[in-house]
Amino acid sequence: MKNFFQTGILISGLLLCMSCDHKTETTAYSPDKNISVHFNLDKEGAPLYQVIYHNDTILQPSPLGLLLQNADFEKDLTIADMHIIDRQETWNPVWGQYDEINADCTEMSIDLKNKNKQFLTIVFRVFDNGVGFRYVLPGDTDAVIRQELTGFNLSSDNMAYWNGSDWETDEHFYIESKLSEVDQAKMERSISGSYSQSSPCKTGFNTPLTMETPAGNFISIHEAALWNYPAMSLCLDPQSYRMNVALPDMNGVTAQVQLPFSTPWRVIMLGSTAGELIESSLILNLNEPNKLTDLSYITPMKYLGVWWEMHLKLSDWSLESGKHGANTDNVKRYIDFAAEHGIKGVLVEGWNKGWGEWKDYIFTQPYEDFDIVQLANYAKSKGVLLIGHHETGADVKNYISQMDSAYQFYKNVGIHTVKTGYVGKIANQYHFDQFMVNHFNETVIKGSQYQIAINIHEPVHPTGICRTYPNLLSGEGMRGQEYNAWSEGNDLNHDVTLSFTRNLAGPMDYTPGIFDLQFLNTINKDYKKLTPAQKEEYKWQYRVRTTLAHQLALYVVFYSPIQMVADLPENYVDQPAFDFIKEVPVDWSDTKVLSAKIGRHVLIARKGKASQDWYVGGIAGEKPFQGTFLLDFLEDGPEYEAVIYADTKDTSWDKNPTACMISKQIVRYGDSLPVKMVAGGGIAISIRPRF
8 MKNFFQTGIL ISGLLLCMSC DHKTETTAYS PDKNISVHFN LDKEGAPLYQ VIYHNDTILQ
68 PSPLGLLLQN ADFEKDLTIA DMHIIDRQET WNPVWGQYDE INADCTEMSI DLKNKNKQFL
128 TIVFRVFDNG VGFRYVLPGD TDAVIRQELT GFNLSSDNMA YWNGSDWETD EHFYIESKLS
188 EVDQAKMERS ISGSYSQSSP CKTGFNTPLT METPAGNFIS IHEAALWNYP AMSLCLDPQS
248 YRMNVALPDM NGVTAQVQLP FSTPWRVIML GSTAGELIES SLILNLNEPN KLTDLSYITP
308 MKYLGVWWEM HLKLSDWSLE SGKHGANTDN VKRYIDFAAE HGIKGVLVEG WNKGWGEWKD
368 YIFTQPYEDF DIVQLANYAK SKGVLLIGHH ETGADVKNYI SQMDSAYQFY KNVGIHTVKT
428 GYVGKIANQY HFDQFMVNHF NETVIKGSQY QIAINIHEPV HPTGICRTYP NLLSGEGMRG
488 QEYNAWSEGN DLNHDVTLSF TRNLAGPMDY TPGIFDLQFL NTINKDYKKL TPAQKEEYKW
548 QYRVRTTLAH QLALYVVFYS PIQMVADLPE NYVDQPAFDF IKEVPVDWSD TKVLSAKIGR
608 HVLIARKGKA SQDWYVGGIA GEKPFQGTFL LDFLEDGPEY EAVIYADTKD TSWDKNPTAC
668 MISKQIVRYG DSLPVKMVAG GGIAISIRPR F
């Protein structure tokens, strides 16, 4: 793969204030002047900022500041210097939703001085679609950050789409409520069922937190460029709509850093429609450019996996179980199927020693029934890539001690993509504290040194560092498909909420593509011996709450450059709808949201990389959706053939989920196509030029 990264920055409109002790306020505007950020010091010398979007006050004056072990930047501050510059930049991602990304913004830097003549700089970047700001500490010594004082004082009782604050995981239920309706009961519902919980407050959120204002504008609060710092959660006062940043600390220390140091960007994504949030590249734009020169091993792809069969208990990760799925013959079966159907990768979980004890994993020693060298060579001969799996069982120190040898082992046998996992409670750490953030990032950096691309499960939320290290392909960080196999599952609005929350942060390895949507896990019981009442009870306990067309559409709706073809290979045999999965790309040159309502429906069109082909995916939540969309994204002139995979009049997620109508239609630029999705339903369309 070639590196198409190019960038240029034009700095103009420079405003310098060489002696600003007398100044107490300043304002920066987005390039299109629709967003303004107002900064000021109040009468106590405390820093505040305010954000206005299209005359809608998004944030009232909100606090800023840091408390260090030997320096406080909370009040009694003066402005020592200010700079406002225009930044003009375009760049080309290695992979992504677009071929080219615009990053034009206005940058405002405010140098603050405390009464002890110590300095802190606050940097704002104001884009046409949002705001980022961070703290910069000068110097050349070590420093201890005790607390970050950042707040978000919302000006209205917004409708919020949220999961509960938790420093361990994002694998939560999403709640839809007004800010004033957030309470402890809803918090507990959101985080119920997660493998480990460490909530900083009774009412709060993990990010991205997405909201709609009474004026009809959309906000999503998150962070970007998370390096050497703990991950952000938010604590809310439901009466005042005020939120403050909540960071996991260890013994009163938020972060130990070497100066100079820049904190992560606090990000406020803004849009006049919900779809504009999905189309935004703001988080990527706040990260540093690509640092890698060798991109040869980074392969966007679809992949099969010895994985779903384990969640269905058809096989097991453990050799001692007697049903070990990661055996040579079984993996060859997956490789053969992948080769036959043009699927590039095959993931194998449970291949290495340690699974039987669920501890003391050894990442260079396969089980005796798994010939990794033979399988890697066999896959290569078939044009398929083997994808490794490193489950740590949350024993991070054990993994750190083996990372070099493990990555070298994989490189030696020709494996260049690894899924990592961190299930469980990490001893003496939070999943989202500074130590673990550094570890997650180190797997990516070290991976690049061994030509290894990384897909992290049980991760810290993504913050756009995949721009800087594009070998970070994807991650989990939400209640994914697996929860449908062995828990109460994901509700009907889950997927259409993820599009506007978790997936805004970055690529998401959700594992779509399930065709056998009913009677999951019945293979583990003698189904024929169950009474009718037992069959009915079991029928509703384990299932995927979508239609087949919905599963197809997820390949377009959910963005990730590595997408799983998650069902058992045999469930795709003789299924005409499988053609869409085989054809749909995972890497794109353009993305357009055609229609969207958070938690209700989303309809997205994407153009394949280096292609004239377009793909449309739409999904619905608990309510059906019906409408039309214009094909105004097509090139004016040629005819296209649209192949449409849609719910039928008889399709229903609960009683007839696999009913899917496949039709073809000749279309042109400016035509319109109807969309009709049942509850939990979907539509998937491929649109190709006719030559």
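Using the working numbering, the first residue of the sequence shown is number 8, and each one after it goes up by one. Cβ coordinates follow ideal geometry from the N, Cα and C atoms, glycine included. On a predicted model such as this, the values are computed, not experimentally measured, just so you know.
Proximity of Lys193 and Ser205 at Cβ, strictly below 8 Å: Numbered from 1 along the sequence shown, position 186 holds the residue referred to as residue 193. Numbered from 1 along the sequence shown, position 198 holds the residue referred to as residue 205. For Lys193 and Ser205, no; Cβs fall outside 8 Å.
Close Cβ partners of Ile472 (< 8 Å) along its chain, the five nearest in sequence each way excluded: Your numbering for residue 472 matches position 465 in the sequence shown. Taken in chain order, the residues that qualify are Ala232, Leu233, Trp234, Asn294, Asn448, Val451 and Leu479.
Three-state secondary structure assigned by DSSP to Ser288: One-based indexing of the sequence shown puts residue 288 at position 281. In the structure shown, Ser288 sits in coil (DSSP, three-state: anything other than H, G, I, E or B).
Cβ-based burial, Leu601 [other Cβ within 10 Å; buried from 16]: Along the sequence shown, one-based indexing puts residue 601 at 594. Result: buried.
Those residues which DSSP pairs with Ile461 across a bridge: Position 454 of the sequence shown, counted from the start, is the residue given in the question as residue 461. Partner(s): Val425 and Leu479.
Which of helix, strand or coil DSSP assigns to Phe698: Within the sequence shown, the letter at position 691 stands for residue 698. Correct three-state label for Phe698: coil.
Cβ separation of Phe704 and Trp272, assumed to be a contact under 8 Å, to the nearest whole Å: Here the chain has residues from 8 to 698 only, and residue 704 is not among them.
Whole-angstrom C-beta distance between Leu241 and Leu511, which should lie under 8 Å: The residue given as residue 511 occupies position 504 in the sequence shown. The residue given as residue 241 occupies position 234 in the sequence shown. Contact doesn't hold; Cβ gap of about 15 Å is too wide.
When Thr470, Ala649, Leu638 and Asn497 are compared against Thr214, the one with the closest alpha-carbon: Position 207 of the sequence shown holds residue 214. Closest option to Thr214, Cα to Cα, is Thr470.
Range of the contiguous alpha helix (DSSP H) that encloses Asp502: By one-based count along the sequence shown, residue 502 stands at place 495. Asp502: member of the alpha helix (DSSP H) spanning His501 to Leu505, first to last residue.
Own chain, CB closer than 7 Å to Pro696, minus 5 neighbours either side, in chain order: One-based indexing of the sequence shown puts residue 696 at position 689. Counting only Cβ-Cβ distances below 7 Å, and skipping sequence neighbours, we find Gln619, Pro645 and Tyr647.
Local conformation of Ile379 per DSSP, three classes: Translated into positions along the sequence shown, residue 379 becomes position 372. Of the three classes helix, strand and coil, the one that applies to Ile379 here is helix, per DSSP.
Three-state class that DSSP yields for Pro70 in the structure shown: Here the question's residue 70 lines up with position 63 in the sequence shown. Pro70: strand per DSSP, three-state reduction.
Glu230, DSSP secondary structure in three states: Along the sequence shown, one-based indexing puts residue 230 at 223. If DSSP states are grouped into helix, strand and coil, Glu230 belongs with the strands.
N-terminal and C-terminal residue of the alpha helix (DSSP H) that Asp336 is part of: Taking the sequence shown and counting its residues from 1, one reaches residue 336 at position 329. Under the DSSP assignment, Asp336 falls in the alpha helix (DSSP H) whose first and last residues are Thr335 to His348.
Residue burial classification, Gly15 (beta-carbon count within 10 angstroms, cutoff 16): The sequence position of residue 15 within the sequence shown is 8, counting from 1. Legend: pLDDT at Gly15 = 39, less than 50; position of this residue unreliable, value from coordinates given subsequently. Per the 10 Å Cβ criterion, exposed.
Supposed close pair Leu561, Tyr517 - CB separation, criterion 8 Å: In the sequence shown, the residue the question calls residue 561 occupies position 554. In the sequence shown, the residue the question calls residue 517 occupies position 510. That pair is a contact at about 7 Å.
Bridge partner(s) assigned by DSSP for Val58: Counted from its first residue, the sequence shown places residue 58 at position 51. According to DSSP, which records beta bridges pairwise, Val58 is partnered with Val44 and Leu66.
Cβ contact check for the segment 591 to 609 and the segment 128 to 141: 3 or more pairs under 8 Å: Flag = no, the segment 591 to 609 and the segment 128 to 141 do not touch.
Element boundaries [beta strand (DSSP E), containing Trp493]: Stepping through the sequence shown from its first residue, residue 493 is reached at position 486. Where Trp493 is concerned, there is no enclosing beta strand (DSSP E), although the alpha helix (DSSP H) it sits in stretches over Tyr490 to Trp493.
Secondary structure of His179, DSSP reduced to three states: Position 172 of the sequence shown, counting from 1, holds the residue named residue 179. DSSP places His179 in coil when its eight states are reduced to three.
Alpha carbon of Phe11 to alpha carbon of Lys616, nearest angstrom: Position 4 of the sequence shown holds residue 11. Position 609 of the sequence shown holds residue 616. Low confidence applies here, because Phe11 scores a pLDDT of 29, under 50, leaving its location unreliable; read the following figure in that light. Distance between the alpha carbons of Phe11 and Lys616 is about 13 Å.
Residues that Ser670 bridges to, as DSSP identifies them: Looking up residue 670 in the sequence shown gives position 663. In DSSP, Ser670 forms a bridge with Ile651.
N- and C-terminal bounds of the beta strand (DSSP E) containing Trp169: Locating residue 169 in the sequence shown gives position 162, where the first residue counts as 1. Looking at the DSSP string, the run of the beta strand (DSSP E) that includes Trp169 is Met166 to Trp169.
Nearest candidate by alpha-carbon position, reference Ala653, set Leu680, Ile669 and Pro100: As a position in the sequence shown, residue 653 is number 646, starting the count at 1. If you compare the alpha carbons of Leu680, Ile669 and Pro100 with that of Ala653, the shortest gap goes to Ile669.
Per-residue DSSP class, three states only, for Thr450: On the sequence shown, residue 450 is found 443 positions in, with the first residue counted as 1. DSSP places Thr450 in helix when its eight states are reduced to three.
Euclidean distance between Cα positions of Asn384 and Lys320: For the purposes of this step, residue 384 is identified with residue 377 of the sequence shown, where counting begins at 1. For the purposes of this step, residue 320 is identified with residue 313 of the sequence shown, where counting begins at 1. Near 29 Å, if we compare the C-alpha coordinates of Lys320 and Asn384.
Met115 beta carbon less than 8 Å from that of Lys30: For the purposes of this step, residue 30 is identified with residue 23 of the sequence shown, where counting begins at 1. For the purposes of this step, residue 115 is identified with residue 108 of the sequence shown, where counting begins at 1. Contact flag unset, no.
Beta strand (DSSP E) segment containing Pro90, residue limits: In the sequence shown, residue 90 corresponds to position 83, counting from 1. The question names Pro, yet the displayed sequence has His at residue 90. Here the beta strand (DSSP E) through His90 covers Thr85 to Gln95.
Cross-strand partners of Arg132 (DSSP beta bridge): Locating residue 132 in the sequence shown gives position 125, where the first residue counts as 1. BP columns for Arg132 point to Glu114 and Gly139.
Residue environment, Lys1, which counts as buried when at least 16 other CB atoms sit within 10 Å: Coverage of the chain is limited to positions 8 through 698, which leaves residue 1 absent and any answer about it impossible.
Inter-residue CB distance, Val593 and Pro568 (contact presumed, cutoff 8 Å): Sequence index remark: in the sequence shown, residue 593 carries index 586 (1-based). Sequence index remark: in the sequence shown, residue 568 carries index 561 (1-based). With 8 Å as the limit, Val593 and Pro568 qualify as a contact, their Cβ atoms being about 5 Å apart.
Short CB-CB distance (under 8 Å) between Asn123 and chain D: Protein chains in the displayed structure number just one, and chain D is not present.
Cβ contact check for the segment 153 to 168 and the segment 117 to 126: 3 or more pairs under 8 Å: no
Among Asn359, Arg340 and Asp301, nearest to Trp324 - alpha-carbon criterion: Along the sequence shown, one-based indexing puts residue 324 at 317. For Trp324, the nearest C-alpha among the options comes from Asn359.
Opening and closing residue of the alpha helix (DSSP H) in which Asn419 lies: Taking the sequence shown and counting its residues from 1, the one referred to as residue 419 is at position 412. Looking at the DSSP string, the run of the alpha helix (DSSP H) that includes Asn419 is Val403 to Val420.
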